[in-house]
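J.: Residue numbers (my numbering): 15 to 281. Sharing a structure, written as structure tokens. Questions coming.
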């Protein structure tokens with residue numbers, strides 16, 4: 015459930031005003047803390063496998079046993095200047111009620127009955143799909159600073175929201191336009207293969223996309239730290255956002271692992 019920006023780039027670039035040439039003020043990219051990845055213990059991996067099978071089959075009793083009585087729900091926003099918020103859900107008399115409550119924290123809306131009837135089955139199905147996706151999306155397991163002692167199906171990357179907000183003002187852009195790369199990547203002088211390299215994107219930094227500079231096809235302009243713009247092909251370079259999505263596990267009082275949190279970014 016990683017958040018690449020390719021789809022958003024197409025939509026936002028089409029909507030943005032277009033102009034040619036260089037744009038943007040000089041700036042210092044914001045620092046992004048490295049992800050704190052974790053190798054889950056064998057007993058947690060075994061529990062997660064059984065939990066996945068139970069969710070896929072819709073086994074209510076096994077699902078109930080695998081989810082804590084109280085679950086922390088954390089919701090983030092596309093704008094990086096908006097602080098993530100958390101809420102404790104439960105306890106509930108029925109596991110169905112917990113699943114319905116969690117369905118409000120999947121990062122979007124779920125299907126509703128056409129006749130305006132009971133939405134409960136749709137909410138439960140959406141939540142089951144979210145759990146399955148969280149356990150199968152291939153992210154590295156890790157930690158989240160808002161969840162002490164938990165092990166999550168993702169590794170959250172922290173940053174200074176105020177610093178990002180300041181950069182957004184400097185570049186006159188939305189804080190949601192900032193991204194990072196997992197490996198160094200070249201920025202080109204023109205949006206075409208073979209153009210001269212004008213800068214290199216470094217890891218653990220947040221750079222600003224430039225939607226006001228013309229970039230045809232699968233190319234996107236990026237604000238250069240020294241000012242102006244460079245170009246990258248987002249079919250070739252994964253532009254990532256420091257969002258979080260997944261589920262987390264903690265040990266219960268009986269020493270067994272249970273799902274204790276769910277984390278999403280509202281789209």
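Ideal Cβ placement from N, Cα and C applies to all residues, glycine included.
Give me the Cα-Cα distance between residue 227 and residue 206, rounded to the nearest whole angstrom.
T.: Each residue's Cα considered, the two are about 14 Å apart.
J.: Report the rounded CA-to-CA distance for residue 44 versus residue 161, giving the unit in angstroms.
T.: The alpha-carbon atoms of residue 44 and residue 161 are separated by roughly 24 Å.
J.: Roughly how far, in whole angstroms, is the beta-carbon of residue 164 from the beta-carbon of residue 82, given that I think they are within contact range, below 8 Å?
T.: Not quite, the Cβ-Cβ distance comes to about 10 Å (not below 8 Å), so this is no contact.
J.: Considering only the beta carbon of each residue, do residue 223 and residue 193 sit closer than 9 Å?
T.: Against a cut-off of 9 Å, the Cβ pair of residue 193 and residue 223 comes out as a contact.
J.: Answer with buried or exposed for residue 178, where buried requires no fewer than 16 other C-beta atoms within 10 angstroms of its C-beta.
T.: Counting Cβ neighbours within 10 Å, residue 178 comes out buried, since at least 16 surround it.
J.: Among 269, 89 and 106, which has the Cα closest to the Cα of residue 100?
T.: Checking every option, the nearest Cα to that of residue 100 belongs to 89.
J.: Who does residue 191 pair with in a DSSP beta bridge?
T.: Its beta-bridge partners do not exist; DSSP assigns none.
J.: Can you have a look at residue 220 and say buried or exposed, based on whether 16 or more other CB atoms are within 10 angstroms of its CB?
T.: By the neighbour-count rule (16 or more Cβ atoms within 10 Å), residue 220 is buried.
J.: Identify whether residue 175 lies in helix, strand or coil by the three-state DSSP scheme.
T.: The answer is helix: DSSP assigns residue 175 an H, G or I state.
J.: Rounding to the nearest angstrom, what Cα-Cα distance links residue 191 and residue 93 in this structure?
T.: Each residue's Cα considered, the two are about 8 Å apart.
J.: Using the Cα positions of residue 197 and residue 254, report the straight-line distance between them to the nearest angstrom.
T.: Spanning the two alpha carbons is a distance of roughly 11 Å.
J.: Between the Cα of residue 246 and the Cα atoms of 257, 234, 252 and 47, which residue gives the shortest distance?
T.: With distances taken between Cα atoms, residue 246 lies closest to 234.
J.: Can you give the Cα-Cα distance for residue 204 and residue 244, rounded to whole angstroms?
T.: Answer to the nearest angstrom: the Cα atoms are 7 Å apart.
J.: Candidates 57, 144 and 210: which alpha carbon is nearest residue 122's?
T.: For the residues 57, 144 and 210, the minimum Cα distance to residue 122 belongs to 144.
J.: Helix, strand or coil, according to DSSP, for residue 35 in the structure here?
T.: Only weak support is given to the placement of residue 35: the predicted model assigns it a pLDDT of 37, under 50, and the value that follows is read from those uncertain coordinates. In the structure shown, residue 35 sits in coil (DSSP, three-state: anything other than H, G, I, E or B).
J.: Flag this pair as touching only if the stretch 105–123 and the stretch 132–141 have three or more C-beta atom pairs under 8 Å; answer yes or no.
T.: Taking 8 Å as the limit for Cβ pairs, the verdict is that the stretch 132–141 does touch the stretch 105–123.
J.: List the DSSP bridge partners of residue 100.
T.: Bridge partners of residue 100: 88.
J.: Which residue marks the beginning of the beta strand (DSSP E) containing residue 253, and which one marks its end?
T.: Taken as a continuous stretch (DSSP letters only), residue 253 belongs to no beta strand (DSSP E), as it is neither H nor E.
J.: Is the beta carbon of residue 102 sitting closer than 9 Å to the one on residue 87?
T.: Yes. Within cutoff.
J.: Whose C-alpha, out of 277, 231, 271 and 173, is nearest the C-alpha of residue 256?
T.: Selected option, being the one with the closest Cα: 173.
J.: Use the C-beta contact count for residue 176: other C-beta atoms within 10 angstroms, 16 or more gives buried, fewer gives exposed.
T.: The residue is exposed, with fewer than 16 neighbouring Cβ atoms inside 10 Å.
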